[in-house]
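Protein chains: 2
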Amino acid sequence: MKIVVYGLGIIGASVAASLKKAGHLVLGKNRSRESIDYALAHGMIDGEAQSYDGADVIVLALPPRVTVHELCVGDFPAGCIVMDICGVKTAPEAAVKQAPRSWRYVGTHPMAGKETSGIRSASDSLFLGANFVITVTDETDSKALDSVRSLARDMGFGRIVECTAAEHDRMIALTSQLCHVVANAYVTTPLSAGCAGFTGGGFQDMTRVAPVDEAMWAELFCMNADALAEEVSRLAARLKTFEQAIRNRDDSGLRSLMHEGKVCYEEFFRRN
Amino acid sequence: MKIVVYGLGIIGASVAASLKKAGHLVLGKNRSRESIDYALAHGMIDGEAQSYDGADVIVLALPPRVTVHELCVGDFPAGCIVMDICGVKTAPEAAVKQAPRSWRYVGTHPMAGKETSGIRSASDSLFLGANFVITVTDETDSKALDSVRSLARDMGFGRIVECTAAEHDRMIALTSQLCHVVANAYVTTPLSAGCAGFTGGGFQDMTRVAPVDEAMWAELFCMNADALAEEVSRLAARLKTFEQAIRNRDDSGLRSLMHEGKVCYEEFFRRN
Numbered sequence: 005m006k007i008v009v010y011g012l013g014i015i016g017a018s019v020a021a022s023l024k025k026a027g028h029l030v031l032g033k034n035r036s037r038e039s040i041d042y043a044l045a046h047g048m049i050d051g052e053a054q055s056y057d058g059a060d061v062i063v064l065a066l067p068p069r070v071t072v073h074e075l076c077v078g079d080f081p082a083g084c085i086v087m088d089i090c091g092v093k094t095a096p097e098a099a100v101k102q103a104p105r106s107w108r109y110v111g112t113h114p115m116a117g118k119e120t121s122g123i124r125s126a127s128d129s130l131f132l133g134a135n136f137v138i139t140v141t142d143e144t145d146s147k148a149l150d151s152v153r154s155l156a157r158d159m160g161f162g163r164i165v166e167c168t169a170a171e172h173d174r175m176i177a178l179t180s181q182l183c184h185v186v187a188n189a190y191v192t193t194p195l196s197a198g199c200a201g202f203t204g205g206g207f208q209d210m211t212r213v214a215p216v217d218e219a220m221w222a223e224l225f226c227m228n229a230d231a232l233a234e235e236v237s238r239l240a241a242r243l244k245t246f247e248q249a250i251r252n253r254d255d256s257g258l259r260s261l262m263h264e265g266k267v268c269y270e271e272f273f274r275r276n
Numbered sequence: 005m006k007i008v009v010y011g012l013g014i015i016g017a018s019v020a021a022s023l024k025k026a027g028h029l030v031l032g033k034n035r036s037r038e039s040i041d042y043a044l045a046h047g048m049i050d051g052e053a054q055s056y057d058g059a060d061v062i063v064l065a066l067p068p069r070v071t072v073h074e075l076c077v078g079d080f081p082a083g084c085i086v087m088d089i090c091g092v093k094t095a096p097e098a099a100v101k102q103a104p105r106s107w108r109y110v111g112t113h114p115m116a117g118k119e120t121s122g123i124r125s126a127s128d129s130l131f132l133g134a135n136f137v138i139t140v141t142d143e144t145d146s147k148a149l150d151s152v153r154s155l156a157r158d159m160g161f162g163r164i165v166e167c168t169a170a171e172h173d174r175m176i177a178l179t180s181q182l183c184h185v186v187a188n189a190y191v192t193t194p195l196s197a198g199c200a201g202f203t204g205g206g207f208q209d210m211t212r213v214a215p216v217d218e219a220m221w222a223e224l225f226c227m228n229a230d231a232l233a234e235e236v237s238r239l240a241a242r243l244k245t246f247e248q249a250i251r252n253r254d255d256s257g258l259r260s261l262m263h264e265g266k267v268c269y270e271e272f273f274r275r276n
């Protein structure tokens, strides 16, 4: 298939490199020339896309608001598949519904990344074994859906999940966005400058995603505000319950609270 | 040196195995016979300790309250070094100060572990490059301190930090105990059963230590209640600030909040 990947950041360039490795013809499109040159030099793309003409699939690997904008104004060829990789799915889907179109939209969310961004963090093995979410509606074209499933397997994803955009956004508030809020809030303490030498693996894990790309995540948070606010609120309330038990030195209460968490955790891993 | 390690869980057995590997004579002492047999079969100890007689160093690798109890009643030989590895340091130090003694106490906290516990998770490489905290007072014997520093290097620790028990407990509330509270609170959600397929590396990191040994951690939390409650309270307040900005879809406010976290994080890593 002839695939145009628009946006060569960590995800877009990894999509390009993985699909090229799987034998597809992959052209890159990017605002800055530098990433095109890097992708060419590192064999991540077959060439630069001058337009969308002739593309079977167009992958939009752009920041959230730019994705929505491109879905509204992009000059996509009739019949081609347009998939975005945006971390929220209700907003792009709504944009597609508003736009008159002769192309076929499939929303996706590759559940992989790193604490670093940009093409230098990309690789053709970033997605190996990772989760891949595809969002579907009554209007989703079944052949386009089959093609996207097949591309996900070509990129090396492990589990492929299909759900509605609303279901995705509800779950992702918990499994992704809340992580970034917590990691960032965790490290915002006057003690941070003094804690060298006092950290173990737990602290490193907990704070790894703290130095987020704040512009992109602020967009994602605002585009999924209701679901995320609910998760943040739930966690803050649970912390207040812990705080009270700790202040009361309530040993058995603390054991009960932790046991409840353990049961949820095991429930999660039993199904995962 | 002749070293007796009392308590062959993940930390005690790793201490024993690391020190034996470094050439010390290491004897194990444990309530259950099974761990002694396992440690002997896996070359982690040279033999079983029938008593503390003749020991140069006694390592107490016991749960927090048992540690405090043993420091009060243990029949340690005159002149020997007794070091505990308890995750809080004010309480054991206070116990030592109350007990009449002819032995030399040095408090330590090896900043390493796993999400699993027990001797089967132990290894002679657990501590390689990890942080090791030694707590000191005006009464700490300088030669005993030198010996403990030397043992820490023998076990493969990277950075060795010395501070007061109060300083340790304040920092550890942030860098260790809070991690366990947050990971556990994070997963306690009705959504946990449905989130298979929606997780990436961030979620896995964030929740890794959720299935804690609740009895041990409840003890640690109660023994460091004031410092930990303050950290939990700070984080909950920060989350409420995020929640409000998210509900208001306050893009620039969210970017500012995240930028503050990033600055703290970088400050931390600049010094670490």
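Quick note, the sequences are listed as chains A and B, same order. Note that the working numbering has the first sequence beginning at 5, numbered continuously upward. Note that the working numbering has the second sequence beginning at 5, numbered continuously upward. Every residue, glycine too, gets a C-beta built ideally from N, C-alpha and C.
Here the C-alpha atom of F272 (chain A) lies approximately 46 angstroms from the C-alpha atom of L149 (chain B).
Looking at the backbone, the Cα of I164 (chain A) and that of H172 (chain A) are separated by about 13 angstroms.
Where N135 (chain A) is concerned, the enclosing beta strand (DSSP E) starts and stops at N135 to T139. Partner residues in the beta bridge of H113 (chain B), as assigned by DSSP, are B:V137.
Secondary structure of I14 (chain B) (DSSP, three-state): helix. D158 (chain B) sits in a helix when the DSSP states are folded into three classes. Contact with chain B is found for T192 (chain A), since one of that chain's Cβ atoms lies less than 7 angstroms from the residue's Cβ.
Residues A82 of the same chain have their beta carbon placed closer than 6 angstroms to that of S106 (chain A), with the five preceding and five following residues left out of the count. Between P114 (chain A) and I15 (chain A) a beta carbon distance of about 6 angstroms is seen, short of the 8 angstroms cut, so the two are scored as contacting. Neighbours of K244 (chain B) in chain A, taken as residues whose beta carbon is under 9 angstroms from its own, are V236, S237 and A240 in chain order.
Residue environment analysis places E223 (chain A) among the buried positions, since at least 16 neighbouring C-beta atoms fall within 10 angstroms of its C-beta.
From the listed residues B:E119, B:T71 and B:V30, the smallest Cα separation to A98 (chain B) is found for B:T71.
Within 7 angstroms of the CB of E271 (chain A), the CB atoms of chain B belong to S196 and A197, in sequence order along the chain.
Under the Cβ criterion of 7 angstroms, N135 (chain B) is counted among the residues facing chain A.
Excluding residues up to 5 positions away in sequence, T245, F246 and A249 lie with their Cβ nearer than 7 angstroms to the Cβ of L261 (chain A) in the same chain. Taking 7 angstroms as the upper bound on Cβ-Cβ separation, chain B lies near no residue of the stretch 16-50 of chain A. C183 (chain A) is not a Cβ neighbour of F131 (chain B), given a cutoff of 7 angstroms. Of all residues in the stretch 256-267 of chain B, only S256, G257, L258, R259, S260, L261, M262, H263, E264, G265, K266 and V267 come within less than 9 angstroms of chain A when Cβ atoms are compared, listed by chain position. Note on G133 (chain A): under 16 other CB atoms within 10 angstroms of its CB, so exposed under the neighbour-count rule. Only buried fits C268 (chain A), as 16 or more other CB atoms lie within 10 angstroms of its CB. Shown here, R163 (chain A) sits in coil according to DSSP, grouped into three states, outside any helix or strand. Between T179 (chain B) and T203 (chain A), the C-beta spacing is below 7 angstroms. Residue pairing of R242 (chain B) in beta bridges, as defined by DSSP: absent, with no partner found.
Apart from the 5 residues on each side of it in sequence, V185 (chain A) sits with its Cβ closer than 8 angstroms to the Cβ of F225, L232 and V236 in its chain, given in chain order. In this structure, the CA atom of A197 (chain A) is about 11 angstroms from the CA atom of M175 (chain B). T179 (chain A) has a beta carbon lying within less than 7 angstroms of a beta carbon in chain B. Looking at the DSSP output, M87 (chain A) bridges to A:V63 and A:V110. Chain A places a beta carbon closer than 7 angstroms to that of P215 (chain B), counting this residue as a contact.
Using a Cβ-Cβ cut-off of 7 angstroms, G91 (chain A) does not count as an interface residue toward chain B, since no Cβ of chain B sits closer than that to its own. The beta-bridge partner set that DSSP reports for E52 (chain B) consists of B:G32.
For a Cβ distance threshold of 8 angstroms, residue set C183, D209, M210, R212 and V213 of chain A lies close to D209 (chain B), ordered along the chain. In the structure shown, V72 (chain B) falls within a helical segment according to DSSP collapsed to helix, strand and coil.
By a beta-carbon distance limit of 8 angstroms, I138 (chain B) does not contact R157 (chain B). Their separation comes to about 12 angstroms. Less than 7 angstroms separates the beta-carbon of D88 (chain A) from that of G111 (chain A). Not flagged as an interface residue toward chain A: V140 (chain B), since no C-beta distance is shorter than 7 angstroms.
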